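In what follows, a single structure is set out as structure tokens and then discussed.
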Amino acid sequence: MADPMKIRAAMAGDKVEVKVLMAHEMETGQRKDASGKVIPAWFIQNVTATCNGKTVLSAEWGPAVAKNPFLSFRFSGGKPGDKVVISWVDNHGDKRSDEAVIS
Amino acid sequence: MRSGRRKVLQGTGGLAVMGLAMAAGLFKPGLARAESWNKAAFETKSFADAVKALGGSQPAESKDIAINSPDIAENGAVVPFAIESRIPKTEAIAILVEKNPNTLAAEFEIPQGTDPWINTRVKMGQTSRVIALVKADGKYYYNAKEVKVTLGGCGG
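Protein chains in written order, with this note's numbering: chain B, 1 to 103; chain U, 1001 to 1156.
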């Protein structure tokens, strides 16, 4: 199981600004190890963010997203106390879901 | 960024294939969700092919797409980008790095109520044109910016 994400969700005016830091290698599949063998690709493919059951962002990623991915976005319709849930799935089928309360 | 029709086709085709594969015991059900990943688009090697694989054609250049990034990235492994679309009814934003091994880096679907503004970090193998592709009201638009990389982020 991967390490938890760091999620911060805070009101910015009448919108909610979400900042997420995920812990993931995001291996490209382009690099080689010391013996010259290609290190297989290992990266997050799908990211979904929901608030009160409504999807507020969904993303498809390739291996070109940087290691330990950072993501931030804004949406309307959330209020302090609501929960924002972020989930990801990587190309190994590993998944992780974490949540934060809007402050 | 796919059209509705393609999504439906892919959906049913994918389900049927998954059903067969699962019946044959080839895949664990847990892998099923990865089906929604547009493999073809992430394997493209040019801007034109990436646009095509995402379901668009002949995107129009638009100054209403803002690309906020450093002009020179010291470390290609982590290049921050903030993309903002001021085009009404923006539905999706994609980040493409022209000279990476594969062009498409990331694609974001923007539901109604979410700002057409995305902030993330991507890898760049070398100095390249970075393109922000926007789908708005069914049409495709782009803006591009040259980002210089002094240390690549894709090699060993």
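Note that CB positions come from ideal geometry on N, CA and C, so glycine has one too.
None of the values given here were measured: they were computed from a predicted structure.
N1143(U) sits close to K1063(U), with the two beta carbons spaced by under 8 angstroms. Here A66(B) is near A1077(U), since their CB atoms are less than 8 angstroms apart. Taking C-beta atoms as the reference points, P63(B) and A41(B) count as a pair closer than 8 angstroms. Residue burial annotation: S1128(U) is buried, with at least 16 other C-beta atoms found within 10 angstroms of its C-beta. Less than 8 angstroms divides the Cβ of G29(B) from the Cβ of V38(B). With a beta-carbon spacing of about 11 angstroms, S76(B) and E17(B) fall beyond the 8 angstroms limit used to define contacts. Beta-bridge partners of S97(B) (DSSP): S87(B). Close partners of E1109(U) in chain B (Cβ separation under 9 angstroms): T55, L57, S58, A59, E60. Here A1092(U) is actually not in contact with A1106(U); their C-beta atoms are around 11 angstroms apart, not less than 8 angstroms.
When DSSP states are grouped into helix, strand and coil, K1052(U) belongs to the helix group. N1119(U) and R74(B) have their C-alpha atoms some 10 angstroms from each other. Given a length threshold of 4 residues, the stretch 24-61 of chain B has no whole run of the alpha helix (DSSP H) inside it. Assignment of S1036(U) by DSSP, reduced to helix, strand and coil, places it in the helix class. Closest option to A23(B), judged by alpha-carbon separation, among R31(B), D33(B), P4(B): P4(B). In this model, V47(B) and I1072(U) are separated by some 28 angstroms (Cα to Cα). In this structure, the CA atom of E1146(U) is about 25 angstroms from the CA atom of A1040(U).
The Cβ neighbour count for Q1112(U), taken over all protein chains shown within 10 Å, is under 16; the residue is labelled exposed. Assignment of A1106(U) by DSSP, reduced to helix, strand and coil, places it in the strand class. Chain B places no beta carbon closer than 8 angstroms to that of V1147(U), leaving this residue out of the contacts.
The beta carbon of N1068(U) does not come within 8 angstroms of any beta carbon belonging to chain B, so the residue lies off that interface.
Within chain U, the residues G1113 have their CB atoms less than 7 angstroms from the CB of G77(B), given in chain order.
Note on E1061(U): under 16 other CB atoms within 10 angstroms of its CB, so exposed under the neighbour-count rule.
Around the beta carbon of E60(B), a 10 Å sphere encloses 16 or more other beta carbons of the protein chains shown; the residue is thus reported as buried.
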